[in-house]
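Asks: Chains as they are written, first to last, in the working numbering: chain A, 1 to 397; chain B, 1 to 215. One structure follows; several queries about it will come next.
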Amino acid sequence: MTTSPTADVTTSDSPGVSGAEIRLDRVTKRYPNTSAPAVEEFTMTIPAGKIVVFVGPSGCGKTTTMRMINRMVEPTSGTITIGGEDALHIDPDRLRRTIGYAIQQAGLFPHFTVAQNIAVVPGLLKWDKKRITARVEEMMDLVGLDPGTFADRLPRQLSGGQQQRVGVARALAADPPVLLMDEPFGAVDPITRGNLQDELLRLQSDLGKTIVFVTHDFDEAVKLGDKIAVLGDRSSIQQYDTPDAILANPANDTVAGFVGAGASLKQLTLMRVRDVQYSSDEVLTVTEDEHPATVADRMTKAGRTYALVVDARGRPLRWVHVRELAGRSSLQQAGKPVGDSVSTQSTLQDALEAILTEGGRAVVTGSRGEVVGTIDITTVTDVIAGVREEHGVGEAG
Amino acid sequence: MSLWQYVTERWDRLSLQAWLHLSGVVQCTILAAIIGVAVGIAVYRSPAGSAVATALSSTVLTIPSFALLGLLIPIVGLGVTPSVIALTLYGLLPIVRNTIVGLAGVDPAVTDAAKGIGMSRTGVLTRVELRMAWPAILTGMRVSAQMLMGIAVIAAYAKGFGLGSEVFSGLTRAGSANSLNQALAGTLGVVILALLLDGVFVLISRLTIPKGVRD
């Protein structure tokens with residue numbers, strides 16, 4: 001306890017982790033003149049370097065809980081430690097300089113330029129000027145804003161998405177081990193939100209911060225969270241588990257209600273084609289310059305009614321039925337073009353979409369677009385069944 | 001004698017009176033600004049406090065200036081003191097009200113973020129809130145200054161400073177030589193000073209309001 005606990009914790013996990021573990025122990029917030037506490041006996045360990053998403057209905061206390069970590073809300077009782085250090089016994093202003101903070105409306109200072117906004121926390125920590133300038137440029141690059149173009153702009157000259165990027169850059173500027181994000185992407189359009197989410201995941205894979213993310217959007221939670229905490233009234237933890245486990249096996253009706261319809265479909269967004277057993281030998285591939293008679297022969301031998309015509313680089317072109325081959329002199333123009341194909345990087349949801357449009361079976365392509373196999377509806381249903389079994393759906397108790 | 005001749009012949013005395021008038025009004029406005037902004041900062045977080053402060057400063061404004069001076073003379077005597085007190089009190093309302101409105105109008109997300117990233121209470125106030133409320137505060141000061149220009153004329157009644165004494169003695173000597181010229185010179189002088197000071201305020205707001213806060 002006496003030697004710098006932060007350093008120990010941050011290095012203990014894995015090389016890519018710069019975050020610190022957060023422990024909340026029986027944390028309660030009671031506002032004066034109210035009978036029920038806003039947050040009651042909240043106990044949770046947030047692992048270092050992970051994204052934990054608090055999700056729950058409006059007014060459930062998820063934001064209050066998050067704000068107690070940087071003491072924007074002062075807990076009535078309980079203990080909070082960050083990287084082993086007691087957060088409730090340090091000066092709150094000093095504590096907050098070591099915790100990144102990003103909120104829904106970005107909250108940029110309108111009278112500061114983008115660069116000045118990002119430089120605030122390093123300035124508060126009294127970094128020297130050169131270091132701040134270098135850091136500001138680094139942060140702008142990190143969030144995808146060109147320093148030459150944007151450094152001297154004012155916040156009101158930016159789009160909502162750009163403002164959010166500056167907000168995240170400002171939160172990360174002093175390299176805090178912990179980042180608190182309160183619905184940071186709630187006020188931007190769905191496409192920008194998707195991009196910002198992707199970028200957050202990319203940043204996180206490099207930075208390995210401990211991120212507490214509050215949202216009421218369960219899909220966002222599934223996309224971003226390493227773990228999700230579904231919270232009910234008074235911030236009571238209904239379920240705290242991986243997105244996978246929550247989707248497969250909601251702990252109670254509240255969670256099930258929040259997961260909503262289509263849990264299995266959401267499950268499919270978590271898995272990629274490369275992670276499942278798609279069939280790699282089911283399909284008979286033929287090149288365009290083969291003679292139809294030879295192809296027909298091969299198909300009969302293999303017992304197939306369909307063959308996939310590929311180009312010289314092995315990329316899918318058309319499906320041909322054995323009947324279409326009779327009397328043809330070449331495979332050019334024969335068959336039905338392949339519409340939708342999926343890559344091994346695609347999610348199973350994309351794969352399902354392709355399977356449905358292609359009529360039962362979709363072509364899987366590798367990194368250079370070459371055919372590596374096919375995937376069909378049974379593969380998808382088997383995967384879902386497997387996941388549900390793994391998380392104990394249907395077991396008693 | 002024409003007004004022009006009157007003014008050029010008595011330029012020394014008139015310019016001194018004009019200078020005293022201007023400097024008195026500016027000093028009282030600054031004093032009112034210091035007190036008004038301090039009061040605004042003290043009360044803007046509490047709706048009740050804001051209401052009380054605004055009501056009190058409006059009440060001052062409803063007291064006729066003659067009456068207020070008359071009430072002050074027995075307490076602090078004649079001269080500059082009652083004039084300064086009266087002008088400062090009158091100058092408070094626009095500044096107090098605009099400070100409260102300006103500070104309360106700061107986007108809560110901005111102050112939340114400022115606090116959340118580790119700015120101290122004073123840091124949030126001086127680097128964020130006051131900077132963003134500054135246009136409103138400055139407008140309050142501008143309104144006060146214009147108002148005080150006129151009220152300062154009345155201060156001559158308490159043997160105060162400025163062009164008021166010209167106006168008063170011109171009026172009391174009505175009918176005698178140059179009495180109209182004297183009253184007119186005083187009145188026009190006040191109008192010109194008011195326009196000049198307003199121009200200075202426009203310049204100050206150009207120079208001091210940050211670009212990101214300007215409309």
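Ideal placement from N, C-alpha and C gives every residue a C-beta, glycine not left out.
Whole alpha helix (DSSP H) runs in the region 183-251 of chain A with 4 or more residues, listed along the chain?
Replies: Runs of the alpha helix (DSSP H) inside the region 183-251 of chain A: 190-207, 218-224, 243-248.
Asks: Looking only at C-alpha atoms, which of A/D281, A/A119, A/E324 sits nearest to A/M398?
Replies: Outside the shown range of chain A, which is 1 to 397, sits residue 398 of chain A, and nothing can be said about it.
Asks: Report the neighbours of A/P155 on chain B: residues whose CB is nearer than 8 Å to its CB, in chain order.
Replies: The residue given as residue 155 of chain A occupies position 155 in the first sequence. Simply G212.
Asks: Between the region 47-61 of chain B and chain A, which residues of the former have CB atoms less than 7 Å from a CB of the latter, in chain order?
Replies: From the region 47-61 of chain B, no residue has a Cβ closer than 7 Å to chain A.
Asks: Quick check on the burial criterion: 16 or more other C-beta atoms within 10 angstroms. Buried or exposed for B/L188?
Replies: The residue labelled residue 188 of chain B in the question sits at position 188 within the second sequence. So B/L188 counts as exposed.
Asks: Please report how far the alpha carbon of A/V39 lies from the alpha carbon of A/V55, in whole angstroms.
Replies: In the first sequence, residue 39 of chain A corresponds to position 39, counting from 1. In the first sequence, residue 55 of chain A corresponds to position 55, counting from 1. Each residue's alpha carbon lies about 14 Å from the other.
Asks: Tell me whether A/T2 is buried or exposed, calling it buried when 16 or more other Cβ atoms sit within 10 Å of its Cβ.
Replies: Residue numbering aside, residue 2 of chain A sits at position 2 when the first sequence is read from its first letter. Model confidence at A/T2 stands at a pLDDT of 41, short of 50, so the residue's coordinates are unreliable and nothing is read from them.
Asks: Output, in sequence order along the chain, the residues in the region 110-127 of chain B whose CB is closer than 9 Å to any CB in chain A.
Replies: Answer set for the region 110-127 of chain B: V110, T111, D112, A113, A114, K115, G116, I117, G118, M119, S120, R121, G123, R127.
Asks: Relative to the C-alpha of B/L93, which residue among B/A51, B/L72, B/L3 is closest?
Replies: In the second sequence, counting from the first residue as 1, residue 93 of chain B sits at position 93. With distances taken between Cα atoms, B/L93 lies closest to B/A51.
Asks: What is the residue span of the beta strand (DSSP E) that A/D376 lies within?
Replies: Walking along the first sequence from the start, residue 376 of chain A turns up at place 376. Segment 371-376, the beta strand (DSSP E) holding A/D376.
Asks: Between the Cα of B/I117 and those of A/D93, A/F112, A/Q104, spot the shortest distance and give me the residue it belongs to.
Replies: Within the second sequence, numbered from 1, the residue matching residue 117 of chain B stands at position 117. For the residues A/D93, A/F112, A/Q104, the minimum Cα distance to B/I117 belongs to A/D93.
Asks: Go ahead and pull the three-state DSSP assignment for B/W11.
Replies: Here residue 11 of chain B corresponds to residue number 11 of the second sequence, with the count starting at 1. DSSP places B/W11 in helix when its eight states are reduced to three.
Asks: Buried or exposed for B/P47, going by 16 or more other Cβ atoms inside 10 Å?
Replies: Position 47 of the second sequence holds residue 47 of chain B. The residue in question, B/P47, is exposed, as its Cβ has fewer than 16 Cβ neighbours within 10 Å.
Asks: Going straight from the alpha carbon of A/V310 to that of A/P316, what length do you get?
Replies: On the first sequence, position 310 is the one that residue 310 of chain A refers to. On the first sequence, position 316 is the one that residue 316 of chain A refers to. Computed Cα separation, rounded: 4 Å.
Asks: Does DSSP put A/R23 in a helix, in a strand, or in coil?
Replies: As a position in the first sequence, residue 23 of chain A is number 23, starting the count at 1. Of the three classes helix, strand and coil, the one that applies to A/R23 here is strand, per DSSP.
Asks: B/R97 CB to nearest chain A CB: under 8 Å?
Replies: In the second sequence, counting from the first residue as 1, residue 97 of chain B sits at position 97. False, the Cβ-Cβ gap to chain A never drops below 8 Å.
Asks: Could you tell me which of B/V84, B/A42, B/G91, B/G70 sits nearest to B/V227, measuring between CA atoms?
Replies: With chain B represented from 1 up to 215, any question about residue 227 of chain B goes unanswered, as that position is not in the structure.
Asks: With a threshold of 8 Å between beta carbons, is B/R131 in contact with chain A?
Replies: Within the second sequence, numbered from 1, the residue matching residue 131 of chain B stands at position 131. It does; some Cβ of chain A falls within 8 Å.
Asks: Give every residue of the same chain whose Cβ lies closer than 7 Å to the Cβ of A/Q400, excluding the five residues on either side of it in the sequence, and list them in chain order.
Replies: Given that chain A is displayed from residue 1 to residue 397, the structure contains no residue 400 of chain A and the question cannot be resolved.
Asks: At a Cβ threshold of 8 Å, is A/P110 touching chain B?
Replies: On the first sequence, residue 110 of chain A is found 110 positions in, with the first residue counted as 1. Chain B, which has a Cβ nearer than 8 Å to the Cβ of A/P110, makes this yes.
Asks: May I ask you to report which of helix, strand or coil DSSP gives A/H400?
Replies: Look at the range of chain A in this structure, 1 to 397, and you will see that residue 400 of chain A is not part of it.
Asks: Less than 8 Å between the beta carbons of A/L231 and A/I211, yes or no?
Replies: Within the first sequence, the letter at position 231 stands for residue 231 of chain A. Within the first sequence, the letter at position 211 stands for residue 211 of chain A. It is not a contact, given that the beta carbons lie outside the stated cut-off.
Asks: Quick one: which chain B residues come within Cβ less than 9 Å of A/D93?
Replies: One-based indexing of the first sequence puts residue 93 of chain A at position 93. Result: K115, G118, M119, S120, R121, G123.
Asks: Give the single residue among B/W134, B/G49, B/S169, B/I63 whose Cα lies nearest to the Cα of B/L207.
Replies: As a first step, residue 207 of chain B is located in the second sequence; it is residue number 207 there, counting from the start. Among B/W134, B/G49, B/S169, B/I63, the Cα nearest to that of B/L207 belongs to B/W134.
Asks: Please work out which residues of its chain come closer than 8 Å, Cβ to Cβ, to A/R313, disregarding the five sequence neighbours upstream and downstream, and give them in chain order.
Replies: On the first sequence, position 313 is the one that residue 313 of chain A refers to. Same-chain partners within the cutoff: R368, G369, E370.
Asks: Counting along the chain, where does the alpha helix (DSSP H) carrying B/M147 start and finish?
Replies: To locate residue 147 of chain B, count along the second sequence from 1; it is residue 147. Run containing B/M147: 130-154, per the alpha helix (DSSP H) assignment.
Asks: Would a check of beta-carbon distances place A/G19 closer than 8 Å to chain B?
Replies: Mapped onto the first sequence, residue 19 of chain A falls at position 19. No, its Cβ sits nowhere closer than 8 Å to a Cβ of chain B.
Asks: Helix or strand or just coil, what does DSSP make of B/V167?
Replies: On the second sequence, residue 167 of chain B is found 167 positions in, with the first residue counted as 1. Three-state DSSP puts B/V167 in a helix.
Asks: Leaving out five residues on either side along the sequence, give the residues of the same chain with a beta carbon under 6 Å from the beta carbon of A/K50.
Replies: Within the first sequence, the letter at position 50 stands for residue 50 of chain A. Once the five neighbours on either side are set aside, the close Cβ partners of A/K50 are D226.
Asks: Please state the DSSP three-state secondary structure of A/L125.
Replies: Sequence index remark: in the first sequence, residue 125 of chain A carries index 125 (1-based). Of the three classes helix, strand and coil, the one that applies to A/L125 here is coil, per DSSP.
Asks: Could you check if A/Y145 is buried or exposed, using at least 16 other CB atoms within 10 Å of its CB as the buried criterion?
Replies: The residue you call residue 145 of chain A lines up with position 145 of the first sequence. As written in the sequence, residue 145 of chain A is Leu, which differs from the Tyr given in the question. So A/L145 counts as buried.
Asks: Please list, in chain order, the chain B residues whose beta carbon lies closer than 7 Å to that of A/Q105.
Replies: Within the first sequence, numbered from 1, the residue matching residue 105 of chain A stands at position 105. Per Cβ cutoff of 7 Å: A109.
Asks: Please report how far the alpha carbon of B/A194 lies from the alpha carbon of B/M149, in whole angstroms.
Replies: Residue mapping note: residue 194 of chain B aligns to position 194 of the second sequence, counting from 1. Residue mapping note: residue 149 of chain B aligns to position 149 of the second sequence, counting from 1. In a straight line, the C-alpha of B/A194 is about 6 Å away from that of B/M149.
Asks: If we define contact as Cβ-Cβ less than 8 Å, is A/R388 a contact residue for chain B?
Replies: On the first sequence, position 388 is the one that residue 388 of chain A refers to. It does not: the Cβ of A/R388 has no partner Cβ on chain B nearer than 8 Å.
Asks: What residues are listed by DSSP as bridge partners for A/E85?
Replies: Locating residue 85 of chain A in the first sequence gives position 85, counting from the first residue. Answer is A/I82, bridged to A/E85.
Asks: Using a Cβ cut-off of 8 Å (strictly closer), state whether A/Y101 contacts chain B.
Replies: The residue given as residue 101 of chain A occupies position 101 in the first sequence. Closer than 8 Å to some Cβ of chain B, the Cβ of A/Y101 qualifies, so yes.
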